[in-house]
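Written out below as structure tokens is the structure these notes cover.
Residue numbers (this note's numbering), protein chains in the order written: chain A, 1 to 358; chain B, 359 to 618.
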């Protein structure tokens with residue numbers, strides 16, 4: 001095999017695929033670096049699972065190519081790919097013991113029995129199930145089955161591990177716990193993981209590289225901190241965490257500054273753009289306050305429509321008095337007195353507003 | 359009033375079960391008759407008619423033929439039914455619903471029609487009547503059944519299990535033999551024994567499609583033509599016993615499945 005040692009581990013070039021008349025993927029390009037934890041985040045129907053299936057070889061794309069370590073695997077069947085998949089429903093073999101489940105991949109590769117057993121035991125120990133070798137899958141809990149599925153996929157030492165909503169079937173507490181374990185496991189084995197989820201908290205907690213998908217396209221990608229603080233699109237600003245969106249037109253440009261005529265009046269902030277262009281401003285809930293702070297500007301009056309107490313903070317929804325289309329979402333300190341029906345004046349700093357052109 | 363109702367219910371139940379089982383009980387009872395006629399009074403018990411049956415070369419060879427036809431035709435029907443079910447469940451085929459309907463259609467056609475059809479077909483093709491031809495007939499009647507049972511158990515949850523096997527490096531034939539077949543084993547087992555039961559009891563097709571070597575039901579019919587005789591009771595009891603064993607095995611297959 002020829003293959004480059006430097007460069008991306010997985011390289012996706014202009015993938016397009018349709019199911020009937022539905023365009024599941026539309027010219028998607030993506031690189032995954034060696035040793036990284038990539039998370040494909042998007043709502044159902046965004047194409048994230050189709051993309052994972054194409055990388056795993058279960059779906060052959062209509063157009064585009066998949067390169068792993070520089071070799072083209074676009075039309076290679078799953079059996080001959082350096083990938084392994086952890087399925088959403090775990091897909092353990094119900095008629096085989098846990099040990100034989102884990103050893104299945106090695107058996108297919110013709111690894112001798114003694115060595116197979118040894119390596120299966122090591123893999124099970126790695127996921128904390130050393131004593132379950134002889135059990136049957138139906139004797140295990142959901143979380144344990146999940147670990148067996150992980151061990152089974154990792155024991156064949158894939159170049160990249162694909163995880164299809166692996167935590168979707170677990171309850172919230174177990175999900176958060178498995179999240180931490182997944183991250184720790186990935187750092188320990190050093191294999192690149194590509195993980196599909198619709199849970200933005202899961203994505204932020206796990207990802208080195210977060211890919212936000214919508215409607216068969218990549219909306220935004222990068223480190224989760226960047227995607228959260230400077231989202232690239234309206235969709236990304238509202239799907240990866242919440243945002244208040246203000247739409248408007250660019251009025252004029254100053255020195256490193258533009259003025260935008262928004263739904264709630266003109267606002268100036270640092271940035272660049274063409275006058276007359278439609279743009280949006282996104283403001284994260286934690287950046288909206290009830291009192292002016294240094295550098296902040298007024299967003300006008302608004303009527304509180306909903307207050308949800310969430311322990312350390314209150315999530316407040318309010319509708320602008322100037323334009324009822326504008327729905328503010330603010331995270332306020334729990335001690336702040338605010339009730340449904342109150343009229344409040346909201347403030348935010350232009351520095352915290354993100355200028356979006358799409 | 360209440361007591362009267364209870365008596366009525368019990369009597370009715372007794373009548374129903376009596377109606378179903380009395381003929382079988384009478385059959386088995388008089389197979390143990392010591393004298394030459396299977397009519398009251400009961401003179402047994404004696405195993406002389408069983409001895410007579412087992413000493414009868416025609417009956418024992420028919421018994422052997424029946425077992426052979428049942429085993430081979432059921433195995434073939436299960437194999438073909440499994441592959442058809444797998445194809446329909448795993449691949450997107452044009453007109454899938456219509457094709458599935460066509461495969462299960464023989465279930466609704468009478469054995470007489472199927473037997474006549476095969477007779478005419480084989481005649482036209484110049485293929486002589488034989489056990490093999492009758493076996494083919496049994497595959498025709500049992501394949502739809504095997505297909506229906508196995509297809510009904512081949513859910514989508516197994517799709518990912520098969521994918522996982524492929525993902526881990528299994529070639530297609532290993533996916534089939536190491537994963538699909540073992541996972542569907544209860545359904546395969548059940549349809550095999552159900553086919554065995556039907557083939558074992560089947561008369562019309564065997565009657566139409568065999569000539570010299572024939573199956574046990576046809577041989578029993580030959581025997582009956584010369585009048586009642588405890589030998590027919592004995593052979594009938596044997597046939598019944600085998601059917602019971604097959605039914606129990608079938609039950610076992612389903613029980614094992616439901617316990618999982």
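A virtual CB, placed ideally from N, CA and C, is assigned to each residue, including glycine.
Computed from a prediction, not measured in an experiment: that's the story for all the values here.
- Residue 330 of chain A sits close to residue 288 of chain A, with the two beta carbons spaced by under 8 Å.
- DSSP, read as helix, strand or coil, puts residue 164 of chain A in strand.
- Contact annotation for residue 85 of chain A against chain B: 521, 522, 525 [CB-CB distance below 8 Å, chain order].
- Contacts between residue 151 of chain A and chain B, judged by CB atoms closer than 7 Å, are missing: the closest CB pair is about 12 Å apart.
- Below 8 Å, too few C-beta pairs join the segment 195-205 of chain A and the segment 119-129 of chain A to call them touching: fewer than three.
- Neighbours of residue 532 of chain B in chain A, taken as residues whose beta carbon is under 8 Å from its own, are 108 in chain order.
- Partner residues in the beta bridge of residue 39 of chain A, as assigned by DSSP, are A:195, A:210.
- Using a Cβ distance threshold of 8 Å, residue 440 of chain B and residue 546 of chain B count as a contacting pair.
- The beta carbon of residue 386 of chain B sits closer than 6 Å to the beta carbons of 595 from its chain, once the five residues preceding and following it are set aside; these are given in chain order.
- For residue 261 of chain A, the enclosing beta strand (DSSP E) begins and ends at 257-262.
- Chain order gives the chain A residues near residue 540 of chain B as 95, where near means a beta carbon separation below 7 Å.
- In the DSSP annotation of this structure, the continuous segment of the beta strand (DSSP E) that includes residue 221 of chain A starts and ends at 217-222.
- Using a CB distance below 7 Å, the part of the segment 47-62 of chain A facing chain B consists of 56, 58, ordered along the chain.
- Per DSSP, the continuous alpha helix (DSSP H) segment holding residue 575 of chain B begins and ends at 574-582.
- For residue 522 of chain B, the enclosing alpha helix (DSSP H) stretches over residues 515-525.
- CA-to-CA, the gap between residue 408 of chain B and residue 589 of chain B works out to about 7 Å.
- With a contact defined as Cβ atoms closer than 8 Å, residue 437 of chain B and residue 91 of chain A miss out at about 26 Å.
- A Cβ-Cβ contact shorter than 8 Å links residue 304 of chain A with residue 341 of chain A.
- Look at residue 89 of chain A: its C-beta is under 8 Å from a C-beta on chain B.
- Chain-order list of chain A residues neighbouring residue 544 of chain B: empty, with the shortest C-beta distance near 10 Å, by a criterion of under 7 Å.
- The Cβ atoms of residue 151 of chain A and residue 212 of chain A lie no closer than 8 Å to each other.
- Neighbours of residue 515 of chain B in chain A, taken as residues at a C-beta separation under 7 Å, are given in chain order as 89.
- Cβ-Cβ distances below 6 Å link residue 183 of chain A to 206 in the same chain, with the five nearest sequence neighbours on each side left out; the list follows chain order.
- Taking 8 Å as the cut-off, the Cβ atoms of residue 584 of chain B and residue 428 of chain B do not count as close.
- In the DSSP secondary-structure assignment, residue 318 of chain A is bridged to A:304, A:328.
- Between residue 67 of chain A and residue 11 of chain A a beta carbon distance of about 4 Å is seen, short of the 8 Å cut, so the two are scored as contacting.
- Between the segment 275-284 of chain A and the segment 359-367 of chain B, the count of Cβ pairs shorter than 8 Å is below three; the stretches do not touch.
- In terms of beta-carbon proximity, residue 537 of chain B lines the interface with chain A, with at least one pair separated by less than 8 Å.
- Contact between residue 479 of chain B and residue 568 of chain B is absent: CB atoms are separated by about 16 Å, not below the 8 Å threshold.
- Contact with chain B is found for residue 156 of chain A, since one of that chain's Cβ atoms lies less than 8 Å from the residue's Cβ.
- The continuous beta strand (DSSP E) containing residue 10 of chain A extends over residues 10-19.
- For residue 105 of chain A, the residues of chain B that pass the 7 Å Cβ criterion are 526, 527, in the order they occur in the chain.
- With distances taken between CA atoms, residue 576 of chain B lies nearest to B:492 out of B:506, B:504, B:373, B:492.
- For residue 297 of chain A, the beta-bridge partners assigned by DSSP are A:348.
- Under the Cβ distance rule, residue 77 of chain A counts among the residues neighbouring chain B, one pair being separated by less than 8 Å.
- Distance from the CA of residue 399 of chain B to the CA of residue 586 of chain B, rounded to the nearest whole angstrom, comes to 15 Å.
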